[in-house]
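Colleague: Chains as they are written, first to last, in the numbering used here: chain A, 118 to 707; chain B, 4 to 476.
Here a beta-carbon is modelled for each residue, glycine too, at the ideal position from N, C-alpha and C.
Got a structure here, written out as structure tokens. Questions coming.
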């Protein structure tokens with residue numbers, strides 16, 4: 118047992134004078150009276166190990182003992198993770214009985230006594246390697262694969278496999294041997310150091326499939342591909358959390374990992390409360406069945422914020438290795454960056470921009486790179502799609518965390534204060550935002566097949582119309598309604614139509630909140646048809662009135678079930694309004 | 004703060020700054036309290052034998068051979084029912100000239116609540132103010148600040164909200180309160196139905212700035228006692244949190260920390276989150292709601308203090324003077340209550356969300372029309388109607404002296420819609436139009452209501468003290 122003694126304390130930075138060797142990022146436990154505080158080595162100078170405590174250091178004294186654990190911060194991986202609510206260090210919060218999270222309380226991540234119906238996949242004498250599927254248990258609605266431990270290197274031969282039956286996670290379900298005949302027992306649980314990417318796949322492939330979210334401004338205008346990465350920066354009050362929750366509820370993924378990193382506790386409580394009630398349309402189960410929550414709320418110790426994002430990503434990588442589509446949402450990566458800044462400051466490192474550590478961009482991009490679409494050792498596919506939110510200080514997108522993230526992510530959903538102020542939700546700015554997937558031939562091909570042949574062309578046209586409408590509005594504001602050609606008003610109102618009908622969406626409405634692809638196609642075509650029509654209005658007040666009426670009917674359509682009687686009724690009203698206008702058009706000389 | 008007997012006395016101070024003192028000592032716990040030459044202090048750094056203390060009252064007059072006694076605990080508060088109706092200083096010592104209450108000593112600034120032991124907030128707080136109840140509905144267990152410029156009557160407004168909010172307990176955390184405002188709160192709260200309902204932890208501008216750092220933790224330790232052990236609905240008022248942040252920056256500066264944005268410490272977000280996240284709703288019924296004041300400069304919310312606050316709290320309320328009606332309103336554009344979705348249309352009438360949004364959108368259209376007018380452009384008929392609507396909307400609903408029930412607020416909104424618009428201009432779901440449009444009637448009279456609180460808010464002596472006279476005319 119390697120030990121050390123506490124030498125200095127500033128907030129959660131503790132300097133431990135080590136008696137023997139120490140390892141960078143090694144976990145150590147510091148004794149404080151009857152309890153132990155978990156801490157991680159982050160810097161070593163001579164015999165002094167600088168450790169960041171994951172708990173409050175109140176009452177800690179010089180001379181208190183520390184015990185080094187010989188391993189990095191690890192996650193426990195095995196069946197039973199789904200529906201769990203963990204803190205950043207993967208303590209199962211439900212197992213902590215008390216109202217308060219008292220220091221030094223650590224609970225098992227998995228349920229040691231639970232039993233699982235195991236079905237073998239591999240056979241004796243088969244060659245396996247890290248990540249090979251040995252067997253399967255049913256975890257909620259997911260076929261949870263039991264895999265050869267990822268820490269093993271090289272090829273192994275299967276010596277024994279357990280028969281179909283009920284086993285505990287710590288029971289041996291297979292025995293494998295390396296080429297020298299050294300045997301390793303495989304159980305249903307394994308450990309992985311969270312800071313290292315858990316690979317377990319053969320190769321990464323380019324993303325090509327749409328990750329459907331049901332959110333129109335994302336799916337149609339700025340699509341996110343399975344295995345892609347996106348980020349949502351926005352000032353407070355611009356609807357980041359509502360948007361993230363909508364994505365968590367609606368996205369067509371097999372497993373959703375929600376990481377609340379330094380955010381509000383009530384937002385997590387909302388998920389605890391609502392997800393067990395909501396149906397998962399894909400499996401018929403409940404939404405909570407496919408969800409894991411890492412709740413490291415803003416009042417929990419700062420150091421475990423960093424741990425929380427790595428723990429969440431490691432769990433996602435584990436499920437990806439089973440050939441599943443995993444979605445990871447982290448809210449907010451800025452809080453993690455701030456935690457890094459606090460620590461860097463306490464260690465008196467030379468600061469980078471805005472006092473953030475110099476290696477921030479590298480840390481962020483290394484983390485985003487853990488997402489991706491992969492081909493597994495058995496050629497099955499799995500993916501991790503990652504969406505992070507960023508909380509830019511003062512809403513300024515030129516700050517270091519936003520800039521670092523911009524370099525790392527595929528798509529960018531800028532939330533606009535102005536749109537939020539005028540209650541145009543989701544407040545994603547369609548002009549500022551982008552998705553690099555719009556230029557991926559793989560994804561375009563997929564969208565042309567699943568939505569329509571004209572999909573890409575229509576998206577480009579629509580973005581164009583929004584831009585022109587915005588320009589027209591500026592001209593109108595500068596010159597006045599009367600002093601611009603009528604054409605400007607028409608352009609402006611057509612962009613308003615796209616805005617109100619397609620971009621704006623009521624996340625709290627059961628029907629409008631989710632738009633399936635067939636409905637999206639209908640909307641795209643119908644709105645395009647109206648925008649293509651050239652109207653011959655006599656004055657600008659007429660234009661505004663006419664478009665307000667169209668938008669009002671569209672709102673009713675958006676609130677009606679697709680192809681229901683109600684829907685068809687409003688659709689007829691819309692057609693009438695359009696036909697009337699076409700007749701008027703014909704009577705007006707060009 | 005008094006030292007208990009039989010503690011070791013240290014007398015070797017080796018370093019003094021305005022706010023900190025360093026001495027040689029062993030066996031000292033991190034964050035432990037101490038008495039330096041009779042002044043309260045707390046351990047903020049230990050490096051080998053050198054212990055650095057933050058001296059709350061400042062270090063003037065401290066000698067290098069001053070007596071330092073360590074108390075063996077972090078800051079504590081004695082909690083019991085006896086706290087009710089009393090006023091204390093930042094150390095929890097009485098300032099109302101009465102006895103020191105007995106009770107169980109608890110450490111302040113304690114650990115975080117286990118998120119799985121919380122309940123989702125559900126209990127609406129009614130204030131009668133439409134800018135809150137209609138547009139930014141508050142829920143017990145919420146944390147929300149008023150972002151106000153220094154010349155705005157924020158203390159009068161939070162007092163009004165607190166008194167109307169039907170709480171079991173109101174705990175005032177006065178952080179750098181002017182003595183006049185402290186006396187105002189005291190005299191106002193003296194007239195409540197149950198005097199024991201009120202508790203105050205007060206640091207006025209006359210007391211040392213660094214002492215302010217203790218106030219929120221004290222107030223919230225008391226709040227946790229009443230909410231968790233007594234299942235009470237507790238409302239905590241913290242005013243002014245900007246002064247708390249200023250005190251943080253003083254200390255971090257003295258500790259030679261590298262400042263981040265706006266000279267604030269890099270840990271500002273975490274420091275504030277530790278306070279605001281003490282708001283809670285428990286399954287047992289107890290709750291802590293935090294309403295705070297963050298003063299800002301000329302409406303600038305990009306400054307680090309309001310910015311970090313906004314990311315932590317569940318919304319924010321802005322006060323603004325509406326020049327059309329000459330009254331203070333709760334700004335419908337910038338204000339937000341994040342928890343309102345949990346109650347509106349569920350605990351209130353079904354049409355609430357849509358009516359609220361439609362009215363705000365029309366009010367925004369009016370703001371655009373006003374810009375056009377100011378730029379010398381002609382107004383369309385629609386523009387003129389939105390302007391007429393906006394004025395009445397501000398007068399009958401947004402003005403802070405309105406005190407009516409939510410259903411009445413919705414009826415008034417429908418009345419205004421019908422008076423100025425056609426149904427298709429509202430963008431409201433047809434089923435609500437069918438249900439409410441025909442029934443809507445024009446709201447009567449100019450001045451709907453005049454209540455005791457309005458009179459209180461308009462109290463002349465208070466107006467003069469705070470130089471807010473023009474706002475309440």
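Could you list which residues in chain B have their beta carbon closer than 8 Å to that of residue 124 of chain A, in chain order?
Modeller: The residue given as residue 124 of chain A occupies position 7 in the first chain. Ordered by position in chain B, the residues that pass the 8 Å Cβ test against residue 124 of chain A are 50, 51.
Colleague: What are the boundary residues of the alpha helix (DSSP H) that residue 206 of chain B is part of?
Modeller: Position 203 of the second chain, counted from the first residue, corresponds to residue 206 of chain B. First-last for residue 206 of chain B: 201-207, but that is the beta strand (DSSP E), not the alpha helix (DSSP H).
Colleague: Rounded C-beta distance between residue 638 of chain A and residue 568 of chain A? I'm assuming under 8 Å.
Modeller: What you label residue 638 of chain A is simply residue 521 of the first chain in a count that begins at 1. What you label residue 568 of chain A is simply residue 451 of the first chain in a count that begins at 1. That pair is a contact at about 5 Å.
Colleague: Considering only C-alpha positions, which residue in the set A:308, A:646, A:498, A:636 is nearest to residue 676 of chain A?
Modeller: Within the first chain, the letter at position 559 stands for residue 676 of chain A. Residue 676 of chain A has its Cα closest to that of A:636, out of A:308, A:646, A:498, A:636.
Colleague: Hey, how far is the Cα of residue 555 of chain A from the Cα of residue 573 of chain A?
Modeller: Residue numbering aside, residue 555 of chain A sits at position 438 when the first chain is read from its first letter. Residue numbering aside, residue 573 of chain A sits at position 456 when the first chain is read from its first letter. Cα-Cα distance, rounded: 8 Å.
Colleague: What does DSSP give as the partner residues of residue 259 of chain B in its beta bridges?
Modeller: Residue 259 of chain B sits at position 256 when you count from the first residue of the second chain. For residue 259 of chain B, which the question treats as bridged, DSSP gives no partner whatsoever.
Colleague: What are the residues that DSSP puts in a beta bridge with residue 278 of chain A?
Modeller: Locating residue 278 of chain A in the first chain gives position 161, where the first residue counts as 1. According to DSSP, residue 278 of chain A bridges with A:291.
Colleague: When Cβ atoms are compared, which residues of the segment 655-677 of chain A fall closer than 9 Å to chain B?
Modeller: Answer in chain order: 657, 658, 661, 662, 665, 666, 668, 669, 670, 672, 673, 676.
Colleague: Considering only the beta carbon of each residue, do residue 43 of chain B and residue 280 of chain B sit closer than 8 Å?
Modeller: For the purposes of this step, residue 43 of chain B is taken as the residue at position 40 of the second chain. For the purposes of this step, residue 280 of chain B is taken as the residue at position 277 of the second chain. No; because the gap between Cβ atoms is not below 8 Å, this pair is not in contact.
Colleague: In terms of residue numbering, what span does the beta strand (DSSP E) encompassing residue 321 of chain B cover?
Modeller: Position 318 of the second chain, counted from the start, is the residue given in the question as residue 321 of chain B. Where residue 321 of chain B is concerned, the enclosing beta strand (DSSP E) stretches over 318-325.
Colleague: Mind listing the chain A neighbours of residue 231 of chain B? Cutoff is C-beta to C-beta under 8 Å, in chain order.
Modeller: Counting from one through the second chain, the residue named residue 231 of chain B turns up at place 228. Result: 216.
Colleague: Quick check: is the beta carbon of residue 261 of chain B nearer than 8 Å to any beta carbon in chain A?
Modeller: Residue numbering aside, residue 261 of chain B sits at position 258 when the second chain is read from its first letter. Closer than 8 Å to some Cβ of chain A, the Cβ of residue 261 of chain B qualifies, so yes.
Colleague: Quick check on residue 84 of chain B - is its C-beta less than 8 Å from some C-beta in chain A?
Modeller: In the second chain, the residue the question calls residue 84 of chain B occupies position 81. For residue 84 of chain B, the answer is no, since every Cβ of chain A falls outside 8 Å of its Cβ.
Colleague: Is there a Cβ from chain A that is less than 8 Å from the Cβ of residue 79 of chain B?
Modeller: Looking up residue 79 of chain B in the second chain gives position 76. Closer than 8 Å: no.
Colleague: Cβ of residue 417 of chain A less than 8 Å from any chain B Cβ?
Modeller: Taking the first residue of the first chain as 1, we reach residue 417 of chain A at position 300. So yes, residue 417 of chain A belongs to the interface.
Colleague: Starting from the C-beta of residue 457 of chain A, find all residues in its chain whose C-beta is less than 8 Å away, skip the five residues before and the five after it, and write them out in chain order.
Modeller: Position 340 of the first chain holds residue 457 of chain A. Answer for residue 457 of chain A: 423, 473, 474, 477, 480, listed in chain order.
Colleague: With a cut-off of 8 Å, does the C-beta of residue 269 of chain B fall near any C-beta of chain A?
Modeller: Position 266 of the second chain, counting from 1, holds the residue named residue 269 of chain B. It does: the Cβ of residue 269 of chain B has a partner Cβ on chain A nearer than 8 Å.
Colleague: Show which residues of chain B have a CB atom less than 9 Å away from the CB atom of residue 202 of chain A.
Modeller: Taking the first chain and counting its residues from 1, one reaches residue 202 of chain A at position 85. By Cβ distance, chain B contributes 118, 119.
Colleague: Let's see if you can read the secondary structure: which residues bound the alpha helix (DSSP H) around residue 45 of chain B?
Modeller: As a first step, residue 45 of chain B is located in the second chain; it is residue number 42 there, counting from the start. First-last for residue 45 of chain B: 42-50, but that is the beta strand (DSSP E), not the alpha helix (DSSP H).
Colleague: For chain A, check one thing: does any of its Cβ atoms lie closer than 8 Å to the Cβ of residue 124 of chain B?
Modeller: Within the second chain, numbered from 1, the residue matching residue 124 of chain B stands at position 121. Answer yes: the Cβ-Cβ gap between residue 124 of chain B and chain A drops below 8 Å somewhere.
Colleague: When you compare only the Cα positions, how much space is there between residue 455 of chain B and residue 161 of chain B?
Modeller: Position 452 of the second chain holds residue 455 of chain B. Position 158 of the second chain holds residue 161 of chain B. In this prediction, residue 455 of chain B has a pLDDT of 43, which is less than 50 and means its spatial position is unreliable; nothing more can be read from the coordinates.
Colleague: Per DSSP, what kind of secondary structure is residue 318 of chain A in: helix, strand or coil?
Modeller: Residue mapping note: residue 318 of chain A aligns to position 201 of the first chain, counting from 1. In this structure, residue 318 of chain A counts as coil in the three-state DSSP scheme.
Colleague: Going by the CB atoms, is the gap between residue 395 of chain B and residue 429 of chain B shorter than 8 Å?
Modeller: What you label residue 429 of chain B is simply residue 426 of the second chain in a count that begins at 1. What you label residue 395 of chain B is simply residue 392 of the second chain in a count that begins at 1. Contact: no.
Colleague: Does residue 709 of chain A come within less than 8 Å of chain B when only Cβ atoms are used?
Modeller: Within the shown structure, residues of chain A are numbered from 118 to 707, placing residue 709 of chain A beyond reach of any answer.
Colleague: For residue 353 of chain B, I'd like the list of residues in its chain whose CB is within less than 8 Å of its CB, leaving aside the five on either flank, ordered along the chain.
Modeller: Your numbering for residue 353 of chain B matches position 350 in the second chain. So the qualifying residues of the chain are 435.
Colleague: By how many angstroms is the C-alpha of residue 655 of chain A removed from the C-alpha of residue 698 of chain A?
Modeller: Counting from 1 along the first chain, the entry for residue 698 of chain A is found at position 581. Counting from 1 along the first chain, the entry for residue 655 of chain A is found at position 538. Near 12 Å, if we compare the C-alpha coordinates of residue 655 of chain A and residue 698 of chain A.
Colleague: Counting Cβ pairs closer than 8 Å, one from the segment 79-88 of chain B and one from the segment 17-32 of chain B, do we hit at least three?
Modeller: Output reads no: the segment 17-32 of chain B does not touch the segment 79-88 of chain B.
Colleague: Tell me which residues of the segment 470-487 of chain A have at least one Cβ-Cβ distance to chain B shorter than 9 Å, keeping chain order.
Modeller: Flagged, chain order: 471, 472, 473.
Colleague: Listed from N- to C-terminal order along the chain, which residues in the segment 369-403 of chain A have their beta-carbon within a distance smaller than 9 Å of any beta-carbon of chain B?
Modeller: Cβ contacts with chain B come from 377, 379, 380, 381, 382, 383, 384, 385, 386, 387, 389, 390, 391.
Colleague: Where does residue 436 of chain A fall in DSSP's three states?
Modeller: Within the first chain, the letter at position 319 stands for residue 436 of chain A. It is helical.
Colleague: Any C-beta of chain B sitting closer than 8 Å to the C-beta of residue 468 of chain A?
Modeller: Taking the first chain and counting its residues from 1, the one referred to as residue 468 of chain A is at position 351. Answer yes: the Cβ-Cβ gap between residue 468 of chain A and chain B drops below 8 Å somewhere.
Colleague: Can you look up residue 334 of chain B in the DSSP assignment and give me helix, strand or coil?
Modeller: What you label residue 334 of chain B is simply residue 331 of the second chain in a count that begins at 1. It is coil, neither helix nor strand.
Colleague: Given a threshold of 16 other Cβ atoms within 10 Å of its Cβ, counted over all protein chains shown, does residue 626 of chain A qualify as buried or as exposed?
Modeller: As a working note, residue 626 of chain A is residue 509 in the first chain. The residue is exposed, with fewer than 16 neighbouring Cβ atoms inside 10 Å.
Colleague: Looking at residue 393 of chain B and residue 369 of chain B, is the spacing between their C-beta atoms short of 8 Å?
Modeller: On the second chain, residue 369 of chain B is found 366 positions in, with the first residue counted as 1. On the second chain, residue 393 of chain B is found 390 positions in, with the first residue counted as 1. Yes, these two residues count as a Cβ contact at 8 Å.
Colleague: What runs of the alpha helix (DSSP H), each 4 residues or longer, lie entirely inside the segment 555-611 of chain A?
Modeller: With a minimum length of 4 residues, the continuous alpha helix (DSSP H) runs that stay inside the segment 555-611 of chain A are 558-567, 572-596.
Colleague: In or out: residue 26 of chain B buried (at least 16 other Cβ within 10 Å) or exposed?
Modeller: The sequence position of residue 26 of chain B within the second chain is 23, counting from 1. Per the 10 Å Cβ criterion, buried.
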